[in-house]
Every structure is written in C-alpha cells, then in structure tokens.
Amino acid sequence: MIKTRFAPSPTGFLHVGGARTALFNWLFARHHGGQFVLRIEDTDQVRSTAESAAGILEDMLWLGLNWDEGPQVGGKKNGYFQSMRLAIYEEYLQQLLKEDRAYEAYESPQELAAMRKACEAAKRPFRYRRNMPGRSKAGAGPAVLRFEMPHEDITFQDEILGPITVKADEHDDIVIRKSDGFPTYHFAVVVDDHLMGITHVLRAQEHLMNTPKHLGLYKALGWTPPHHAHMPLVFNMDGTKMSKRDKTRAARQGLAAYASRQKDPDYRLLAERAAVPVEVIAAFVGKKNEDTQLAQKLAAAIGVELPEIDVQDFRRSGYMADALLNFIALVGWSPGEDREILTRDQLLQLFSLGGIGKTNGRFDRKKLAWMNGEYIRAASPDVLLQALNGFLAVSDYPLAGANEELKRDLLEMYKERTGTFGEMAHNAVFFFEEPQYDAKAVTKHVITPEAQSFLSQSLALLEPVHDWTLAGLESAMERVLSLGEKRGAAAQALRVALSGGPVSPPLLQTIVALGRDRTLSRIKANIRPT
RNA sequence: GCCCUCAUCGUCUAGAGGCCUAGGACACGGGCUUUUCACGCCUGUAACUGGGGUUCGAAUCCCCAUGAGGGCACCA
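So this is what it looks like as structure tokens:
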C-alpha cells in the first residue's frame with residue numbers, strides 16, 4: 100500500500116509552497132487508495148513553536164487535506180511530533196555508534212565556520228570527513244554525532260527527474276545528533292519515514308541533494324529506502340522566492356509612499372491611528388523588525404494590500420479553499436488535457452506523478468483570482484454563504500454585521516463581479532457605512548444641472564414606494580432609467596449618490612439591499628441647493 | 001567557486017519523432033451585449049534559448065554553449 104507524508108517544521112505559518120507539497124502527497128496517496136501521514140518536524144528547539152504547529156494543522160484542515168495518521172489522529176498520542184520521539188532516535192543513533200558508522204566530532208560552530216572560510220579562500224569545497232586531517236580532539240565543548248557517509252557514488256531513481264548520481268567525493272559526513280541531544284532533520288526524517296512505513300517521499304526540489312545523504316543512512320541502518328520524487332519549486336511572478344519577507348518589504352514600500360503622500364514623515368499620525376508606538380514603527384521601517392503581524396497591521400492602517408504568502412493570507416483575502424487547491428495543483432502538474440477547473444474529486448482521479456513537470460513555476464495571482472471568481476460563480480448559494488462566513492470570521496469588514504438574507508443578496512449581486520470575498524467585502528462597504536465620495540465621480544455625475552434634475556426626479560419617483568422589494572420597486576426604477584433622452588442617462592447620477600463612486604452592482608438590486616432610508620437620504624444629501 | 005537539476009507564448013501549461021502552418025488557460029488588445037463595473041460571447045497579438053549532430057523526418061533523441069533554479073548549516 101502506498102503511504103506518503105507531509106512533514107512541515109513548525110517555524111511559521113503554512114506557506115503556499117508547503118501547501119502544494121502537502122496537496123501532492125495527499126493526492127498521490129488518496130488516488131492510489133493509500134494513506135497520508137502528517138508529521139511535525141520540530142527538531143529545531145530554537146525556532147519551533149506550538150502555536151505554529153497548531154496553525155499548520157488548522158490550515159491543513161481548512162484546505163481539506165485530512166490525514167490518516169498524525170496529530171489528533173491515529174492513536175499514538177504525540178507520536179507524530181519528532182520532539183516526542185527522542186528515545187527512538189537515540190536507539191538508532193546508538194546502533195550506528197556501535198557499528199562504527201557514526202562518530203563524535205568536537206569542532207565548535209566557530210571552528211567549522213573558519214574551516215569553511217579557509218576552504219573558500221583556497222577555492223576548494225569544504226567537506227567534513229572522518230578521515231580528513233586536522234580534526235579536533237575531544238575537548239571542552241559538547242560533541243555532535245556525525246554519520247560517516249559511504250565512500251562511494253550514490254545513484255537513485257527520482258520518480259520525476261530520473262536517475263540522479265552524486266559522486267563519492269561530494270559526500271559530507273553530516274551531523275545526525277546536535278550538541279543539544281536532538282537529532283538533526285536528516286536523521287529524524289530517515290528513522291521516521293522508515294518506522295512509519297512511508298513508501299513514497301514527494302518533496303520540493305530543494306531537497307534533491309539531501310536524498311543521497313538519506314540513502315546513505317538507510318543503507319547503514321539496513322533499511323530499504325522509499326521511492327523519492329522531487330517536484331519543481333514555485334516562485335513569485337518576478338522570479339524571486341516567495342517568502343514572508345515579501346510582506347514586510349511591501350509594507351515598507353507602502354509606508355514610504357504614505358509618509359510622503361500624507362506628509363507624515365515621522366509616522367506620528369499613523370502611530371496614533373494604528374495604535375502602534377512611534378518607536379515600533381520606526382524600528383520596522385528601519386528594518387530592525389521583520390514582524391509580519393506588525394506589517395499586516397500597519398498595512399491595514401494605510402490601506403495597503405500585502406502579498407499573500409501563507410495559506411492564512413489567502414484565507415483572509417477571501418479565496419475559497421477548493422479554488423486555491425485547484426490553482427496550486429496546476430503549478431507543476433497537469434492532467435495532460437486542456438482542463439483547468441478541476442474539482443477535488445477530479446484532481447483525485449486524474450493525479451499521477453507522471454503529470455508532474457520538471458520546471459519551476461511562478462505563482463500568478465491574477466490567474467488565481469480569476470479561478471477563484473470561477474469558483475464563486477459556480478458555487479451554490481448555500482456553499483457560497485458558508486464560505487463567505489468563513490472568510491468574515493477571519494477578516495474585518497462591516498459586511499460581517501449583515502444578516503444572512505442580506506449576505507445572500509449581496510453574494511448574488513457580487514458573484515459576477517468579484518475575484519475574492521475580500522474584494523467583494525471591500526466594494527460593498529457602502530451598504531453599511533456612509534460612502535467615501537469619489538470627487539471626480541461627483542463632479543462628473545452628480546453636480547451637473549442635468550444630474551441634479553435626475554436626482555430630484557428619481558427622489559420623487561422612489562419616495563412614494565413603500566414596498567421596498569425588487570417587485571415593488573421595479574416600475575419606479577423603470578421610470579428612473581427612462582429619465583433623460585437616452586435610456587439609463589440618470590443611472591450614473593444615482594449610482595454615485597448611493598455608492599460614492601461610478602461602479603456598483605445593478606441599481607435596482609443595490610437600492611433594495613441598501614434599504615429605503617439609506618437610499619432616500621443619500622439621494623437627498625446629493626441634491627444641492629442652487 | 002564546486003555539485004545537482006531544468007529549459008515551449010509575459011505567466012501556468014499541452015506536446016512522449018511525422019497528427020504542429022505548435023493546442024488550451026490567465027493576462028493583454030479589438031468587437032458584441034449592456035443602467036456603471038463585471039459576467040458572457042466572438043476575435044487578435046504572442047513561444048519551441050543558440051549551435052552542432054542522429055534520422056527520410058525533430059519542440060520531441062544525443063552533445064556543447066548559454067540562461068535559470070536548487071544545494072554546499074549543530075535549519076528543515
């Protein structure tokens with residue numbers, strides 16, 4: 100039986116790249132009726148956090164990537180956090196030690212750095228090997244355990260890339276137990292993959308050069324290694340790595356633009372408005388702080404959108420999980436036909452390793468937004484409402500205060516014209532708050548004599564209506580649209596008066612959703628005495 | 001620097017020697033529809049990195065060059 104795993108390290112949120120790795124593993128296992136394991140690789144005591152692990156689980160579940168074994172599933176309590184499995188690793192560490200395949204090494208990090216630097220200066224690659232000259236003797240510092248890599252070429256068959264060979268003199272005796280007693284990633288991953296019965300390791304290509312090391316360990320431990328497949332990486336549209344730094348960078352750019360635009364060079368006004376101390380903002384701008392939460396907060400205060408990097412970001416922007424999954428699946432994989440919109444079931448049915456390409460891809464947010472729009476348009480009202488509520492729970496828009504019926508109506512009128520729930524919620528703010536009037540639109544569509552006349556006449560036509568429904572307003576609206584010489588001439592005046600700008604859903608629906616009081620008072624407010 | 005991998009429209013990709021005057025999707029341009037914006041429909045621009053081979057025939061196979069990416073941690 101096929102068994103795959105996704106093994107994130109809990110040092111941050113679930114990144115879209117990680118989500119894709121998880122998805123492919125999940126699809127591969129499920130397609131073949133196998134099992135999917137989730138394992139938390141928290142062997143880095145400094146950077147791992149419990150909150151991060153919890154966040155990753157939550158994001159996995161939001162995406163619908165459920166696991167057969169892992170945290171909260173599969174019986175063995177805590178058995179899927181590597182930090183809880185130290186005794187297991189120690190057992191195999193001792194085995195290697197006893198068989199003389201592992202040995203202690205005593206160089207301090209500083210010494211190693213100096214050795215690397217010396218090699219670099221001599222234009223020679225640095226390789227730590229047991230038989231190299233000048234190794235430190237046992238001394239004051241705590242020791243690490245290194246694995247003596249075989250002195251032979253290692254070749255393996257990558258299920259995506261084909262045969263990969265690394266020559267004997269390229270090997271390095273990797274550290275397998277750190278001085279804090281924790282195993283390194285290389286060791287823990289091999290032991291766990293073996294013990295958990297993983298048959299296929301599907302991971303990002305950045306791990307390609309790790310595989311020979313792992314194969315060396317499998318051999319030394321006397322185990323049959325799993326199949327390996329390395330998938331291409333995903334980058335930003337400009338070819339840079341998708342990293343959380345993209346968010347802080349975008350926030351800084353936004354802040355700089357804000358400072359000159361709003362004449363707030365010291366961010367004193369912003370500090371007050373965002374309730375963030377001036378010093379904190381200064382530290383952030385001065386790159387002394389890479390806190391993405393802070394970046395998010397400041398960006399929100401100045402109305403700047405940060406690029407989505409983590410699954411949570413996409414969730415907060417109002418993407419649907421299925422759309423995100425569908426899009427991510429298509430970066431690096433293709434079903435081999437001209438098909439793009441694929442349901443979860445279709446993905447499951449069509450997925451195969453053979454469909455995974457070899458070339459790195461770029462993350463085209465425009466296409467994702469289009470695809471999400473397709474999902475929004477295709478979803479049933481119930482599914483859509485549920486997804487919208489999920490979005491509203493993790494974001495902050497006045498739309499959250501609407502009752503379910505109004506949400507349904509707004510969804511109905513916005514689904515044809517929106518890519519994300521965030522975009523919709525943003526555009527629909529005028530239903531809940533007084534509109535921010537766009538000066539240009541007002542000049543062009545509201546204060547002209549003709550427009551003023553249209554507004555007065557519209558008011559006269561609408562005010563007598565008390566049955567404020569689509570049916571009740573239909574004939575009055577029909578007459579409003581007939582005002583002027585050209586049909587629809589009055590529409591823009593009304594649209595700007597009601598929404599604040601030149602763009603809105605169709606007027607009739609807008610007026611119904613807005614309600615009688617707001618509609619009439621906004622029209623009145625825009626009729627100016629001459 | 002050394003090692004590894006990759007290479008089709010701006011982007012994601014189809015393509016497993018003749019079906020390719022290279023197909024689809026996003027984006028972009030034009031048009032239709034239209035109370036705005038969208039949606040929808042029609043339509044256009046746009047690619048096999050270069051050079052050598054192999055072959056009757058190459059986007060597809062081989063070699064070299066170039067370019068891009070990854071790796072070279074007591075991070076994973």
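Everything in the first sequence is counted per our numbering, starting at 100 for the first residue and increasing by one. Backbone N, C-alpha and C fix where the C-beta goes; we use that ideal spot for every residue, glycine too.
May I have the straight-line CA-CA distance separating residue i from residue j, to the nearest angstrom?
i: LEU314; j: GLU189; result: 19 Å
i: PRO634; j: ASP409; result: Because the chain in this structure spans residues 100 to 629, residue 634 falls outside the shown range and cannot be described.
i: ALA373; j: TYR284; result: 41 Å
i: GLY571; j: ALA399; result: 40 Å
i: GLY321; j: GLN445; result: 40 Å
i: THR442; j: VAL564; result: 45 Å
i: LYS346; j: GLU389; result: 9 Å
i: ASP437; j: LEU368; result: 53 Å
i: ASP279; j: ASP292; result: 23 Å
i: LEU423; j: ASN309; result: 29 Å
i: PHE123; j: VAL430; result: 11 Å
i: LYS312; j: LYS318; result: 10 Å
i: ALA358; j: ALA149; result: 37 Å
i: ALA267; j: MET231; result: 14 Å
i: THR298; j: PRO324; result: 8 Å
i: TRP567; j: LEU510; result: 19 Å
i: LEU294; j: PRO262; result: 26 Å
i: SER569; j: GLY472; result: Sequence check: residue 569 is Leu here, not Ser. C-alpha separation (whole angstroms): 26 Å.
i: HIS306; j: LEU244; result: 22 Å
i: LEU447; j: TRP161; result: 18 Å
i: SER182; j: PRO170; result: 13 Å
i: GLY453; j: GLN608; result: 49 Å
i: GLU647; j: ASP421; result: Beyond the ends of the chain as shown, which are 100 and 629, falls residue 647; an answer cannot be given.
i: ALA220; j: ALA356; result: 43 Å
i: GLU533; j: GLY117; result: 42 Å
i: VAL602; j: ILE440; result: 29 Å
i: GLN44; j: LEU613; result: Since the displayed the chain opens at 100 and closes at 629, residue 44 lies outside it and no answer follows.
i: PRO548; j: VAL528; result: 28 Å
i: ALA468; j: ALA349; result: 19 Å
i: GLN361; j: GLU371; result: 14 Å
i: ALA550; j: ARG615; result: 21 Å
Excluding five sequence neighbours on each side, which residues of the same chain lie with their C-beta closer than 6 Å to the C-beta of residue i?
i: LEU631; result: What is shown of the chain runs 100 to 629, which leaves residue 631 out entirely.
i: VAL579; result: SER557, LEU560, ALA589
i: ILE610; result: THR618
i: GLN535; result: GLY599
Using C-beta distances below 7 Å, list every residue in its chain close to residue i, excluding the 5 sequence neighbours before and after it, in chain order.
i: TYR205; result: SER235, LYS236, ALA237, GLY238, GLY240, ALA242
i: TRP166; result: PHE135, VAL136, LEU137, VAL172
i: GLU251; result: ALA267
i: ASP463; result: MET336
i: GLY353; result: ALA398, ILE401, VAL403
Please return the same chain residues whose Cβ sits closer than 8 Å to the Cβ of residue i, not counting the five positions on each side in sequence.
i: SER555; result: ILE626
i: THR110; result: ASP143, ARG146, SER147, THR148, SER151
i: VAL288; result: ALA106, GLU140, HIS313
i: GLU198; result: ALA319
Can the beta-carbon of residue i be found less than 9 Å from the beta-carbon of residue j?
i: ILE475; j: PHE520; result: yes
i: TYR191; j: PHE281; result: no
i: PRO107; j: ALA121; result: yes
i: ALA201; j: GLU247; result: yes
i: ALA499; j: PHE530; result: no
i: ALA477; j: ALA486; result: no
i: ALA303; j: HIS329; result: yes
i: PHE112; j: GLN395; result: no
i: MET341; j: VAL115; result: yes
i: GLY600; j: ALA524; result: no
i: LEU126; j: PHE413; result: no
i: LYS102; j: ILE259; result: no
i: LYS387; j: ARG351; result: no
i: ASP271; j: ARG223; result: no
i: ARG507; j: PRO480; result: yes
* Is the region 374-386 close to the region 320-338, with three or more CB pairs under 8 Å? -> no
* To do: Count the CB pairs spanning the region 409-418 and the region 479-496 that are closer than 8 Å, and state whether there are at least three.
  => yes
* To do: Specify whether the region 152-169 and the region 399-408 touch according to this definition: at least 3 beta carbon pairs, one from each stretch, less than 8 Å apart.
  => no
* To do: Spell out a yes or no on whether the region 254-261 and the region 204-218 are touching, meaning 3 or more CB-CB pairs, one atom from each, closer than 8 Å.
  => no
* To do: Please determine if the region 538-546 and the region 594-607 are in contact, where contact requires at least 3 C-beta pairs separated by less than 8 Å.
  => yes
* Decide if the region 482-491 is in contact with the region 504-524; the criterion is three or more beta carbon pairs, one per stretch, under 8 Å apart. => yes
* Jot down the residue ranges of each uninterrupted alpha helix (DSSP H) in the region 380-422, minimum 4 residues, whole runs only, in chain order. => 391-400, 410-416
* **Complete alpha helix (DSSP H) runs within the region 209-236 (minimum length 4 residues, chain order)** => none
* Residue ranges of each beta strand (DSSP E) within the region 130-177, 3 or longer -> 134-137
* **Uninterrupted alpha helix (DSSP H) stretches inside the region 345-383 (no shorter than 4 residues)** => 367-373
* **Complete runs of the alpha helix (DSSP H) confined to the region 431-455 [at least 4 residues]** => 443-449
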